[in-house]
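Novice:
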Amino acid sequence: MDWQFDGVPLHPLFVHLTSVAVPVAALTAVVVAVWPRARRWLAVGAPIIGLVALVSVPLATSSGEWLEHREKETALLRRHTELADGLLPWSIAVFALLLLWWAWHRWGVDRVSSGGAARAVGVIGAILLIAVAIGSLVEVVVIGHAGAVSVWKR
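Just so we're aligned: 75 in this note's numbering is position 75 of the sequence shown, and the numbers increase by one with no gaps anywhere.
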């Protein structure tokens with residue numbers, strides 16, 4: 001695929017989408033994990049935000065790989081592209097956990113007869129959501145920094 005529009009590479013556009021969508025999804029994950037009212041207010045919006053972040057990652061990496069073949073290869077660029085390959089699993093995890101969290105609170109909690117079991121699932125789910133959110137935030141910052149360094153320290 002030709003990842004340019006009117007001769008301009010699309011990678012910067014997709015990178016900006018990803019660098020906003022992934023942190024917003026991570027913040028959403030933390031908020032719905034710790035704030036029940038926000039969880040009810042956001043409802044299915046939380047997994048949709050996670051899906052936007054998830055979709056943005058392959059767009060950024062594919063357009064970046066296209067651009068990489070048109071640039072002079074440097075150690076800084078190689079580091080950025082290697083790091084970028086690690087964001088997709090984090091984004092999948094954030095989306096999947098947001099979807100499961102929403103489904104659990106939409107249909108699962110009421111079906112569990114034991115309050116202790118529901119509470120345990122809630123605590124474990126919240127811990128997982130927060131951990132994956134933090135991991136995705138760290139990953140996107142490290143990747144973005146490496147990309148900026150590869151562009152500006154030529």
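A virtual CB, placed ideally from N, CA and C, is assigned to each residue, including glycine.
Can you name the start and end residues of the alpha helix (DSSP H) that Arg119 belongs to?
Specialist: It spans 115-152 - the alpha helix (DSSP H) in which Arg119 sits, taken as one unbroken run.
Novice: Counting only the same chain and skipping the five closest in sequence on each side, list residues whose C-beta sits under 6 angstroms from that of Ala25.
Specialist: Ile49, Gly50, Ala53, Val94.
Novice: With Val20 as the anchor, note down where its alpha helix (DSSP H) starts and where it stops.
Specialist: First-last of the alpha helix (DSSP H) with Val20: 11-34.
Novice: Compare the Cα-Cα distances from Ala84 to each of Arg37, Trp101, Arg70, Ser19 and report the closest residue.
Specialist: Answer by Cα proximity: Ser19.
Novice: Express the C-alpha separation of Leu77 and Trp152 in angstroms, rounding to a whole number.
Specialist: In a straight line, the C-alpha of Trp152 is about 11 angstroms away from that of Leu77.
Novice: Do the region 65-74 and the region 115-132 make contact, defined as three or more Cβ pairs closer than 8 angstroms?
Specialist: Contact fails: fewer than three Cβ-Cβ distances are below 8 angstroms.
Novice: My assumption, with CB atoms under 8 angstroms, is that Ile143 sits in contact with Leu87. Please give the rounded CB distance.
Specialist: Yes, they are in contact, since the Cβ atoms of Ile143 and Leu87 sit about 6 angstroms apart, within 8 angstroms.
Novice: Which residue's Cα is closest to the Cα of Arg39: Val141, Trp104, Ser136, Arg119?
Specialist: Checking every option, the nearest Cα to that of Arg39 belongs to Trp104.
Novice: Between which two residues does the alpha helix (DSSP H) holding Gly45 run?
Specialist: Element bounds for Gly45: 45-68.
Novice: In terms of alpha-carbon separation, which member of Leu98, Gly64, Leu99, Leu97 lies closest to Glu82?
Specialist: Of Leu98, Gly64, Leu99, Leu97, the residue nearest in Cα terms is Gly64.
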